[in-house]
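Numbering-wise, the first sequence is residues 70 to 258 according to the numbering used here.
Glycine is no exception: its CB is placed at the ideal position from the N, C-alpha and C atoms.
Owing to the predicted nature of the structure, the values given are computational and were not obtained by experimental measurement.
Here's the structure we're looking at; comments come further down.
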Amino acid sequence: MTAGAPSDVAALLSGPVLEVAPRLLGLRLRTAIGGEATEVMLAEVEAYAGEHDPASHAFRGRTRRNGSMFGPPGTLYVYRSYGLHWCMNIVTGVEGVPHAVLLRGGVPLDGEPTMVTRRGRRDHIADGPGKLTQALGVSGELDGSSVLDGPVVLLPGEPSPETTILATPRIGVTKATDRPWRFVLAQRH
DNA sequence: ACGAGGATGCTCT
DNA sequence: GAGCATCCTCGTC
70 MTAGAPSDVA ALLSGPVLEV APRLLGLRLR TAIGGEATEV MLAEVEAYAG EHDPASHAFR
130 GRTRRNGSMF GPPGTLYVYR SYGLHWCMNI VTGVEGVPHA VLLRGGVPLD GEPTMVTRRG
190 RRDHIADGPG KLTQALGVSG ELDGSSVLDG PVVLLPGEPS PETTILATPR IGVTKATDRP
250 WRFVLAQRH
């Protein structure tokens with residue numbers, strides 16, 4: 070089979086969340102929403118390990134909000150943050166085990182004018198989890214959809230050779246703050 | 001560049 | 001009723 074085929078993405082997502090998360094960096098996330106195509110390269114993610122992770126929305130099991138985290142790998146978990154913003158995760162591993170990767174930031178690759186319009190500004194288009202969903206047109210309606218299918222699609226890609234992967238503690242969490250489960254692409258120097 | 005503070009609504013206890 | 005997996009604006013340096 071051809072390198073970079075969608076099935077490679079499916080195989081990747083079925084792995085352990087701590088292995089999957091850094092390997093999502095450099096992949097492309099493309100949306101076709103409201104008649105507009107937009108695309109970013111993923112540049113910042115965080116791993117959340119469900120029942121083993123006090124910072125995870127699924128630490129205490131299934132609730133009304135987190136149901137899609139228990140879906141098959143590739144399922145999108147979209148939730149509202151601070152009453153204002155949408156944030157999205159990609160479910161990983163095995164169906165029924167609520168492990169997921171929070172998508173925290175990306176670099177615009179296509180449809181930038183659309184993203185600028187959605188964001189209402191020219192800078193800081195997708196460098197934050199709420200900004201990323203807004204730029205790509207993602208909202209709660211897409212909770213439970215699959216990135217193997219759409220309208221949000223995960224596509225193959227590679228980080229620039231100029232970049233390296235950094236692991237740091239996760240942002241904005243108040244529990245398990247010692248775990249370096251945030252992964253970012255940073256410029257090599 | 002960086003930090004403080006407010007907006008805002010939903011979920012779960 | 002508390003607590004958020006955040007973003008923006010406006011201050012200061």
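Is it a yes or a no for the region 191 to 203 touching the region 215 to 231, going by three-plus beta-carbon pairs under 8 Å? They do not touch, by the three-pair rule.
Helix, strand or coil, according to DSSP, for Asp196 in the structure here? One-based indexing of the first sequence puts residue 196 at position 127. Assigned with DSSP and collapsed to three states, Asp196 falls in coil, not helix or strand.
Glu108 burial status per 10 Å Cβ neighbour count (16 or more: buried): Locating residue 108 in the first sequence gives position 39, where the first residue counts as 1. Answer is buried; the Cβ neighbour count reaches 16.
Assess, as a yes-or-no matter, whether the region 125 to 141 is touched by the region 153 to 173 under the definition of 3 or more beta carbon pairs within less than 8 Å. Contact between the region 153 to 173 and the region 125 to 141 is present, because at least three Cβ pairs lie under 8 Å.
Specify the secondary structure class of Phe139 as computed by DSSP and reduced to three states. The residue you call residue 139 lines up with position 70 of the first sequence. Phe139: helix per DSSP, three-state reduction.
Which of helix, strand or coil does DSSP assign to Glu227? The residue you call residue 227 lines up with position 158 of the first sequence. DSSP, read as helix, strand or coil, puts Glu227 in coil.
Measuring only the C-alpha atoms, how far is Glu115 from Gly174? The residue you call residue 115 lines up with position 46 of the first sequence. The residue you call residue 174 lines up with position 105 of the first sequence. The alpha-carbon atoms of Glu115 and Gly174 are separated by roughly 10 Å.
Answer yes or no: do Thr161 and Val253 have a C-beta to C-beta separation smaller than 7 Å? The count along the first sequence starts at 1 and reaches residue 161 at position 92. The count along the first sequence starts at 1 and reaches residue 253 at position 184. No; because the gap between Cβ atoms is not below 7 Å, this pair is not in contact.
What residue range is occupied by the uninterrupted alpha helix (DSSP H) comprising Thr186? What you label residue 186 is simply residue 117 of the first sequence in a count that begins at 1. Counting along the chain, the alpha helix (DSSP H) containing Thr186 begins and ends at 181 to 188.
Relative to the ligand HEM, is the shortest distance from any of its heavy atoms to the C-beta of Val242 smaller than 6 Å? In the structure on display, the ligand HEM does not appear, and there are no ligands present to speak of.
Along the chain, where does the beta strand (DSSP E) containing Arg251 start, and where does it finish? As a working note, residue 251 is residue 182 in the first sequence. Going by DSSP, Arg251 is part of the beta strand (DSSP E) stretching over 251 to 256.
Just to check my reading of the structure: Thr232 and Ala195 have Cβ atoms closer than 8 Å, yes? What is that Cβ distance to the nearest angstrom? Walking along the first sequence from the start, residue 232 turns up at place 163. Walking along the first sequence from the start, residue 195 turns up at place 126. For Thr232 against Ala195, the beta-carbon gap comes to about 16 Å, at or over 8 Å, which does not count as contact.
7 Å Cβ cutoff met for Gly180 and Ala127: Position 111 of the first sequence, counted from the first residue, corresponds to residue 180. Position 58 of the first sequence, counted from the first residue, corresponds to residue 127. Cβ atoms of Gly180 and Ala127: not closer than 7 Å.
Distance between Leu93 and Ser76 (C-alpha atoms, nearest Å): Taking the first sequence and counting its residues from 1, one reaches residue 76 at position 7. Taking the first sequence and counting its residues from 1, one reaches residue 93 at position 24. Cα to Cα, the separation comes out at about 14 Å.
CB-CB length for Leu172 against Met157, believed under 8 Å: By one-based count along the first sequence, residue 172 stands at place 103. By one-based count along the first sequence, residue 157 stands at place 88. That pair is a contact at about 5 Å.
Rounded straight-line distance, which links the Cα of Ser125 to that of Gly119: On the first sequence, residue 119 is found 50 positions in, with the first residue counted as 1. On the first sequence, residue 125 is found 56 positions in, with the first residue counted as 1. Distance between the alpha carbons of Gly119 and Ser125: 5 Å.
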